[in-house]
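Structure, as structure tokens:
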Amino acid sequence: MARKMLIAGNWKMNGLSADSIALATEIKAAVKSKKRNCEFLVCPPFTMLATVKKALRGVKVALGAQDCHFNEKGAHTGDVSPLMLTDLGCSYVILGHSERRADHGESNELVCKKAIAANKAGLKTVICIGETLEQRDRGETVDVCKNQVLGSVPADATALNTVIAYEPVWAIGTGKTPTAADVEEVHAQVRKVLAKKLGKAQANKMRILYGGSVKPANAKEFLSLPDVDGALIGGASLKSTDFMAIADNAAC
Ligand code: PEP
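What the sequence shown shows, in this note's numbering, is residues 2 to 253, in sequence order.
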């Protein structure tokens with residue numbers, strides 16, 4: 002089953018105007034310089050979405066946000082709706098990142114509500130799942146990920162509007178990574194749960210990204226696994242050469 006690799010950058014709370022424009026401009030030049038068989042996505046902070054969109058004009062790099070509200074509009078001070086994101090030119094939104102689950106107490110139920118609203122507005126979602134170190138040490142990795150998929154992914158999600166990102170919490174920004182065998186096991190189990198929830202056809206087509214300290218040096222190891230369909234990249238996505246080298250080293 003051919004699934005197009007997705008190379009996605011999560012810029013998190015990084016980037017003022019000058020550095021965001023510089024980074025986007027470098028990515029644009031690199032994407033233009035060579036034909037690659039993967040899809041690129043960058044997710045800058047809300048404040049930089051319009052600026053980055055402008056800097057990427059003319060090149061095929063999708064724009065995504067890092068969160069959204071589940072309502073279209075209304076009295077939700079400080080929040081941003083899915084419609085506001087599509088209006089800005091976003092085609093993706095990351096939901097349920099572990100930093101939002103931890104810092105803002107986001108539950109599977111809330112992530113699912115956001116995903117339904119995002120899909121309704123025409124956005125594709127990147128739904129993040131992953132275990133903490135304590136859960137891993139207790140041998141709960143697969144169960145935690147299965148429950149997050151069951152609770153966070155909408156019942157009518159499709160491979161066209163949904164991407165899953167497996168990001169072990171303890172691997173994010175730490176330089177530590179699971180073994181390739183561990184990653185493949187979780188991805189294969191996640192695909193099985195998706196098959197039960199959404200049917201085999203959607204599960205076989207749905208992309209499951211790996212995230213957590215992905216770097217040019219380990220990109221090939223993870224991205225050549227049968228059930229890994231790309232990467233969600235934090236730190237290394239802030240350096241255009243590293244971001245592009247991840248795609249190149251993964252030969253996608
Ligand atoms: C992330 O936060 O989505 C992430 C994977 O971060 P890093 O690549 O820095 O580990």
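By construction, the Cβ of each residue, glycine as well, lies at the ideal position given by its N, Cα and C atoms.
Label residue i either buried or exposed according to how many other C-beta atoms from any shown protein chain fall within 10 Å of its C-beta, with 16 as the threshold for buried.
{"i": "Ala56", "result": "buried"}
{"i": "Ser225", "result": "exposed"}
{"i": "Asp157", "result": "exposed"}
{"i": "Arg208", "result": "buried"}
{"i": "Ser34", "result": "exposed"}
{"i": "Ala218", "result": "exposed"}
{"i": "Lys74", "result": "exposed"}
{"i": "Leu124", "result": "buried"}
{"i": "His98", "result": "buried"}
{"i": "His70", "result": "buried"}
The beta strand (DSSP E) that contains residue i, what's its start and end?
{"i": "Thr52", "result": "Run containing Thr52: none in the beta strand (DSSP E); it sits in the alpha helix (DSSP H), Leu50 to Ala56."}
{"i": "Thr126", "result": "Lys125 to Ile130"}
{"i": "Leu84", "result": "Unbroken run through Leu84 is the alpha helix (DSSP H), Pro83 to Leu89; no beta strand (DSSP E)."}
For residue i, does the three-state DSSP call read helix, strand or coil?
{"i": "Ile165", "result": "strand"}
{"i": "Ala103", "result": "helix"}
{"i": "Arg139", "result": "coil"}
{"i": "Glu40", "result": "strand"}
{"i": "Leu210", "result": "strand"}
{"i": "Met6", "result": "strand"}
{"i": "Val215", "result": "coil"}
{"i": "Gly97", "result": "coil"}
{"i": "Ile234", "result": "strand"}
{"i": "Asn15", "result": "coil"}
In terms of alpha-carbon separation, which member of the options lies closest to residue i?
{"i": "Leu86", "options": "Lys115, Arg101 and Gly106", "result": "Lys115"}
{"i": "Ala103", "options": "Ala23, Lys216 and Val170", "result": "Val170"}
{"i": "Gly236", "options": "Asn250, Glu186, Glu185 and Ala172", "result": "Ala172"}
{"i": "Gln67", "options": "Thr52, Phe47 and Lys198", "result": "Phe47"}
{"i": "Met14", "options": "Asn38, Arg101 and His70", "result": "Arg101"}
{"i": "Glu168", "options": "Asp183, Asn162 and Ala160", "result": "Asp183"}
{"i": "Ala31", "options": "Gly90, Met49, Val60 and Gly65", "result": "Val60"}
Could you spell out where the alpha helix (DSSP H) holding residue i opens and where it closes?
{"i": "Glu185", "result": "Ala181 to Leu199"}
{"i": "Val60", "result": "Per DSSP, Val60 belongs to no alpha helix (DSSP H) and is neither H nor E."}
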